[in-house]
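Q: In this note's numbering, the protein residues as written are 276 to 526.
Even glycine gets a Cβ: it sits at the ideal position worked out from N, Cα and C.
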Amino acid sequence: NCERAVGKGTICNGGGVYVKGDAETVTTTTFTMDGGTISGCKALGNYGGAIYAENAAVTIKGTVSACEAKNGGGVSCNGGARLTMDGRGSISGCKAETHGGGVYINGSDADLTMSGGSITGCTALQGGGIFFHTGNAFTMNGGTISGCKATGNMANGGGVYLNNIKTFSMGGGTISNNTAAYLGGGIYIGSEENPQDKGYYEITAGKISGNNVIDLYGFGGGIYVPKGRTLHLRNALITGNMASALGGGIW
Numbered sequence: 276n277c278e279r280a281v282g283k284g285t286i287c288n289g290g291g292v293y294v295k296g297d298a299e300t301v302t303t304t305t306f307t308m309d310g311g312t313i314s315g316c317k318a319l320g321n322y323g324g325a326i327y328a329e330n331a332a333v334t335i336k337g338t339v340s341a342c343e344a345k346n347g348g349g350v351s352c353n354g355g356a357r358l359t360m361d362g363r364g365s366i367s368g369c370k371a372e373t374h375g376g377g378v379y380i381n382g383s384d385a386d387l388t389m390s391g392g393s394i395t396g397c398t399a400l401q402g403g404g405i406f407f408h409t410g411n412a413f414t415m416n417g418g419t420i421s422g423c424k425a426t427g428n429m430a431n432g433g434g435v436y437l438n439n440i441k442t443f444s445m446g447g448g449t450i451s452n453n454t455a456a457y458l459g460g461g462i463y464i465g466s467e468e469n470p471q472d473k474g475y476y477e478i479t480a481g482k483i484s485g486n487n488v489i490d491l492y493g494f495g496g497g498i499y500v501p502k503g504r505t506l507h508l509r510n511a512l513i514t515g516n517m518a519s520a521l522g523g524g525i526w
């Protein structure tokens, strides 16, 4: 158990680990979690219950569990940070007060690559598993995002919340059994209120299953795609998703 609190007027981030580089040293400022566990940590500032990264490359091959923050209950990546998860990485049972129960990413050059591992049982107001707002690319070729929840009034993106990123590419893996109150039980893509979001979104393989939205007027049990956005689908399995109002699979 560990806790990083507010001290002397400074908001502290990273309940367990804090790593920061600059725009020129992203590839050389690194943190690799090669096994082990970070558990029960809390950032009493804004970001990163377990890990806070800014302009740094982070690789998770261990376990992050039961951590909390306002944004990024498990991991927060800002600026040009790059987060990689492989088959041994696990983020579970983490909570965010607002955005990104498991992972929070916000930075114009930020990247997330998921080739394996799991994000499970995480909760937030927006983006129960992953909240990726403004950034470069999210590439998912394996792994699982499951059992995550976006809770509260008008909560979106039970599994994944995406907005204003350049590329989302899912070529494998599973997004399953996630829940949102309002829009996008599995995946929430973009926003009608953000006409600047011109990102390219595609799913060429993988499985979107068992996700749901529970609000009486909830749309997009599996995937929510708003007006003005395009989702390219090829060879993806979308099955067993539910919405209370419209678009059990896709809206």
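Assuming GLY493 contacts ILE525 (C-beta within less than 8 Å), just tell me the rounded distance between them.
A: In the sequence shown, the residue the question calls residue 493 occupies position 218. In the sequence shown, the residue the question calls residue 525 occupies position 250. With a Cβ gap of about 13 Å, GLY493 and ILE525 do not count as contacting.
Q: Looking at the structure shown, is THR303 part of a helix, part of a strand, or coil, going by DSSP?
A: Translated into positions along the sequence shown, residue 303 becomes position 28. Three-state result, THR303: coil.
Q: With a threshold of 16 other CB atoms inside 10 Å of the CB of ALA298, please say whether the residue is buried or exposed.
A: Numbered from its first residue, the sequence shown carries residue 298 at position 23. Looking at its Cβ environment, which holds fewer than 16 other Cβ atoms inside 10 Å, ALA298 is exposed.
Q: If you drop the 5 nearest sequence neighbours on each side, which residues of the same chain put their C-beta closer than 8 Å to that of LEU491?
A: For the purposes of this step, residue 491 is taken as the residue at position 216 of the sequence shown. Only SER519, ALA520 meet the Cβ criterion.
Q: With respect to the beta strand (DSSP E) encompassing ASP386, which residues constitute its N-terminal and C-terminal limits?
A: As a working note, residue 386 is residue 111 in the sequence shown. ASP386: member of the beta strand (DSSP E) spanning 386 to 395, first to last residue.
Q: State buried or exposed for ASP309, treating a residue as buried only when at least 16 other CB atoms are found within 10 Å of its CB.
A: Here residue 309 refers to the residue found at position 34 of the sequence shown. Exposed, since its Cβ has fewer than 16 Cβ neighbours within 10 Å.
Q: Going by C-alpha distance, which of SER365, SER340, TYR327 is nearest GLY355?
A: Reading the sequence shown from its first residue, position 80 is the one you call residue 355. Answer by Cα proximity: TYR327.
Q: Are the beta-carbon atoms belonging to THR398 and GLY376 less than 8 Å from one another?
A: Locating residue 398 in the sequence shown gives position 123, counting from the first residue. Locating residue 376 in the sequence shown gives position 101, counting from the first residue. It is a contact, given that the beta carbons lie within the stated cut-off.
Q: Look at GLY391 and ASP361 and say whether their C-beta atoms are less than 8 Å apart.
A: Translated into positions along the sequence shown, residue 391 becomes position 116. Translated into positions along the sequence shown, residue 361 becomes position 86. The answer is yes: Cβ separation under 8 Å.
Q: What would DSSP say about ALA371, mapped onto helix, strand or coil?
A: Counting from one through the sequence shown, the residue named residue 371 turns up at place 96. Residue state, collapsed to three classes: strand.
Q: Please report how far the alpha carbon of LYS345 lies from the alpha carbon of TYR322, in whole angstroms.
A: Taking the sequence shown and counting its residues from 1, one reaches residue 345 at position 70. Taking the sequence shown and counting its residues from 1, one reaches residue 322 at position 47. Near 6 Å, if we compare the C-alpha coordinates of TYR322 and LYS345.
Q: Mind reading off the beta-carbon distance from ILE366 to GLY382? Whole number of angstroms is fine, and I expect it under 8 Å.
A: For the purposes of this step, residue 366 is taken as the residue at position 91 of the sequence shown. For the purposes of this step, residue 382 is taken as the residue at position 107 of the sequence shown. With a Cβ gap of about 19 Å, ILE366 and GLY382 do not count as contacting.
Q: Under the rule that 16 or more other beta-carbon atoms within 10 Å means buried, what is LEU512, buried or exposed?
A: Sequence index remark: in the sequence shown, residue 512 carries index 237 (1-based). Exposed, since its Cβ has fewer than 16 Cβ neighbours within 10 Å.
Q: Could you say which of THR338, ALA332, ALA371 lies nearest to ASP384 if we only look at CA atoms?
A: The residue given as residue 384 occupies position 109 in the sequence shown. Minimum Cα-Cα distance from ASP384 among the listed residues THR338, ALA332, ALA371 corresponds to ALA332.
Q: Specify the secondary structure class of LYS424 as computed by DSSP and reduced to three states.
A: Within the sequence shown, the letter at position 149 stands for residue 424. Strand.
Q: Given that a residue counts as buried once 16 or more other Cβ atoms are within 10 Å of its Cβ, and exposed if not, what is ARG509?
A: For the purposes of this step, residue 509 is identified with residue 234 of the sequence shown, where counting begins at 1. Result: exposed.
Q: One question on the structure: do ILE450 and ASN416 come within less than 8 Å of each other, judged by their Cβ atoms?
A: The sequence position of residue 450 within the sequence shown is 175, counting from 1. The sequence position of residue 416 within the sequence shown is 141, counting from 1. No, these two residues do not count as a Cβ contact at 8 Å.
Q: Compare the C-alpha of GLU329 against each of TYR436, THR305, CYS342 and name the closest.
A: As a position in the sequence shown, residue 329 is number 54, starting the count at 1. Residue THR305 is the option with its Cα nearest to GLU329.
Q: Give every residue of the same chain whose Cβ lies closer than 6 Å to the Cβ of ASN516, excluding the five residues on either side of it in the sequence, and list them in chain order.
A: As a first step, residue 516 is located in the sequence shown; it is residue number 241 there, counting from the start. Once the five neighbours on either side are set aside, the close Cβ partners of ASN516 are ASN486, GLY496, GLY497, GLY523, GLY524.
Q: Using the beta-carbon count (16 or more within 10 Å), is LYS473 buried or exposed?
A: As a first step, residue 473 is located in the sequence shown; it is residue number 198 there, counting from the start. Looking at its Cβ environment, which holds fewer than 16 other Cβ atoms inside 10 Å, LYS473 is exposed.
Q: Name the two residues that bound the continuous beta strand (DSSP E) containing CYS352.
A: One-based indexing of the sequence shown puts residue 352 at position 77. Membership of CYS352 in the beta strand (DSSP E) is indicated by the continuous run 350 to 353.
Q: With distance defined between alpha-carbon atoms, name the residue in GLY465, ILE478, CYS316 nearest to GLU343.
A: Reading the sequence shown from its first residue, position 68 is the one you call residue 343. Taking only the C-alpha atoms, the option nearest GLU343 is CYS316.
Q: Would you check if the distance between the CB atom of ALA430 and the CB atom of ALA455 is smaller than 8 Å?
A: In the sequence shown, residue 430 corresponds to position 155, counting from 1. In the sequence shown, residue 455 corresponds to position 180, counting from 1. Against a cut-off of 8 Å, the Cβ pair of ALA455 and ALA430 comes out as a contact.
Q: Could you have a look at GLY460 and say whether DSSP puts it in helix, strand or coil?
A: Walking along the sequence shown from the start, residue 460 turns up at place 185. DSSP places GLY460 outside both helix and strand once states are collapsed to three, so it counts as coil.
Q: Within this structure, are the beta carbons of THR312 and THR334 separated by less than 8 Å?
A: As a position in the sequence shown, residue 312 is number 37, starting the count at 1. As a position in the sequence shown, residue 334 is number 59, starting the count at 1. Cβ atoms of THR312 and THR334: not closer than 8 Å.
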